[in-house]
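In my numbering, each number is its position in the sequence shown, counted from 1, plus 187.
Let me begin by presenting the structure, written as structure tokens, before commenting on it.
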Amino acid sequence: MKFQQVYAVVDSEFRLLWVGGEWDEFALQNAAQHALANHVLSTSLLAHIAGDETRRLTARLVETVLQTKRPVRVQYRCDSPSMARSYQLTIQPMKDERALMVHDLKDAWHFSPPLNIWHYDPNARDCKCSFCGDIRFGGAPDWTSCDDIGDRHPTHVVYEVCTRCQDTVAEAVRLVLEGNAFTPALDSEEVPASGQSRDQRE
Ligand SMILES: [Zn+2]
Numbered sequence: 188m189k190f191q192q193v194y195a196v197v198d199s200e201f202r203l204l205w206v207g208g209e210w211d212e213f214a215l216q217n218a219a220q221h222a223l224a225n226h227v228l229s230t231s232l233l234a235h236i237a238g239d240e241t242r243r244l245t246a247r248l249v250e251t252v253l254q255t256k257r258p259v260r261v262q263y264r265c266d267s268p269s270m271a272r273s274y275q276l277t278i279q280p281m282k283d284e285r286a287l288m289v290h291d292l293k294d295a296w297h298f299s300p301p302l303n304i305w306h307y308d309p310n311a312r313d314c315k316c317s318f319c320g321d322i323r324f325g326g327a328p329d330w331t332s333c334d335d336i337g338d339r340h341p342t343h344v345v346y347e348v349c350t351r352c353q354d355t356v357a358e359a360v361r362l363v364l365e366g367n368a369f370t371p372a373l374d375s376e377e378v379p380a381s382g383q384s385r386d387q388r389e
């Protein structure tokens, strides 16, 4: 089960003050089962993110919003072996040094053929980008798109962040620091204001 929309409110120490929407599906997909909603409140968001670089970039995005009091937006993928799913993460400043994180499902399509089922394994040689799902096979210099990898998808992976997604996050941070309200989407499809209208209800 994949989520369609998830909210979380964090403070400047990344403590989860509130979670909503389909948090449990999100947690099961992205972290361990101990991250279910009942157990995460007042724990650190970062404790529930796999991969050092993914943690570092997520922290950087939240810190940028808290520091500038301006929103930031990035696209990412959260796929299952049979379905590709494109999400938008919008982080909005709130009062009292808090930030609202909204994950919205924007698009989904079937992989054909489906990918192999994969598992997180800290000793795996192959890497999977936790932002776009691309794969770097053990020892290879380059990343391979997960969209045409099919049954060559590794069954055991560690989570890292590919060069392109590192650049995308750095660019999103840079634009916000320079005063831009939002960042371009990865696929250049700009998104309607649905996320904003929901945010404003908070
Ligand atoms: Zn990537």
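From the three backbone atoms N, C-alpha and C, an ideal C-beta is built for every residue, glycine too.
Euclidean distance between Cα positions of D239 and D334
By 1-based counting over the sequence shown, the position of residue 239 is 52. By 1-based counting over the sequence shown, the position of residue 334 is 147. Between D239 and D334, the C-alpha separation is close to 24 angstroms.
Cut-off 7 angstroms between Cβ atoms - residues of its own chain near F213, not counting five sequence neighbours on either side
Start at 1 with the first residue of the sequence shown, and residue 213 comes out as number 26. These residues qualify, in order along the chain: F190, V193 and H290.
CB-CB length for I278 against A271, believed under 8 angstroms
Taking the sequence shown and counting its residues from 1, one reaches residue 278 at position 91. Taking the sequence shown and counting its residues from 1, one reaches residue 271 at position 84. About 23 angstroms separates the two Cβ atoms, so there is no contact after all.
Are three or more beta carbon pairs between the region 245-263 and the region 321-339 nearer than 8 angstroms?
no
R361 burial status per 10 Å Cβ neighbour count (16 or more: buried)
For the purposes of this step, residue 361 is taken as residue 174 along the sequence shown, with counting starting at 1. Flag for R361 reads exposed.
What do you reckon, is the C-beta of C352 under 7 angstroms from a heavy atom of ligand 1?
Here residue 352 is taken as the residue at index 165 of the sequence shown, counted from 1. C352: yes, Cβ under 7 angstroms from ligand 1.
Applying the 10 Å Cβ sphere with the 16-neighbour rule, what's the burial state of D266?
Against the sequence shown, residue 266 aligns to sequence position 79. Buried, since its Cβ has 16 or more Cβ neighbours within 10 Å.
I need the DSSP call for V348, collapsed to helix, strand or coil.
In the sequence shown, counting from the first residue as 1, residue 348 sits at position 161. In this structure, V348 counts as coil in the three-state DSSP scheme.
Compare the Cα-Cα distances from N303 to each of T342, L292 and V227 and report the closest residue.
Against the sequence shown, residue 303 aligns to sequence position 116. It is T342.
Cutting at 8 angstroms between CB atoms, please list the residues of its own chain near S229, excluding the five before and the five after it.
If you number the sequence shown from 1, residue 229 lands on position 42. Contacts found: R202, L203 and L204.
Does ligand 1 have a heavy atom nearer than 7 angstroms to the CB of F324?
The sequence position of residue 324 within the sequence shown is 137, counting from 1. Not so, every heavy atom of ligand 1 lies at least 7 angstroms from the Cβ.
Taking its Cβ as the centre, do 16 or more other Cβ atoms sit within 10 Å of K315, making it buried, or is it exposed?
Reading the sequence shown from its first residue, position 128 is the one you call residue 315. So K315 ends up on the buried side.
At which residue ranges does the region 286-317 contain complete beta strand (DSSP E) runs of 3 or more residues, listed in the order of the chain?
313-316
Opening and closing residue of the beta strand (DSSP E) in which D239 lies
Within the sequence shown, residue 239 is the residue found at index 52, counting from 1. Taken as a continuous stretch (DSSP letters only), D239 belongs to no beta strand (DSSP E), being part of the alpha helix (DSSP H) at D239 to T255.
I'd like to know whether the C-beta atoms of A233 and R247 end up nearer to each other than 8 angstroms.
Within the sequence shown, residue 233 is the residue found at index 46, counting from 1. Within the sequence shown, residue 247 is the residue found at index 60, counting from 1. According to the sequence displayed, residue 233 carries Leu and not Ala. Result no, Cβ atoms of L233 and R247 do not sit closer than 8 angstroms.
DSSP-derived helix/strand/coil call for Q262:
As a working mapping, residue 262 is identified with position 75 in the sequence shown. In the structure shown, Q262 sits in a strand (DSSP, three-state: E or B).
Proximity test, D239 beta-carbon vs ligand 1 heavy atom, cut-off 7 angstroms:
For the purposes of this step, residue 239 is identified with residue 52 of the sequence shown, where counting begins at 1. No.
Within the continuous beta strand (DSSP E) that includes A222, where are the two ends?
The sequence position of residue 222 within the sequence shown is 35, counting from 1. Where A222 is concerned, there is no enclosing beta strand (DSSP E), given that its DSSP letter is neither H nor E.
For S273, is the classification buried or exposed, using 16 other Cβ atoms within 10 angstroms of its Cβ as the cut-off for buried?
As a first step, residue 273 is located in the sequence shown; it is residue number 86 there, counting from the start. Buried, because 16 or more other Cβ atoms sit within 10 Å of the Cβ of S273.
Quick one: does the C-beta of C316 sit closer than 7 angstroms to a heavy atom of ligand 1?
Locating residue 316 in the sequence shown gives position 129, counting from the first residue. Yes, the Cβ of C316 comes within 7 angstroms of a heavy atom of ligand 1.
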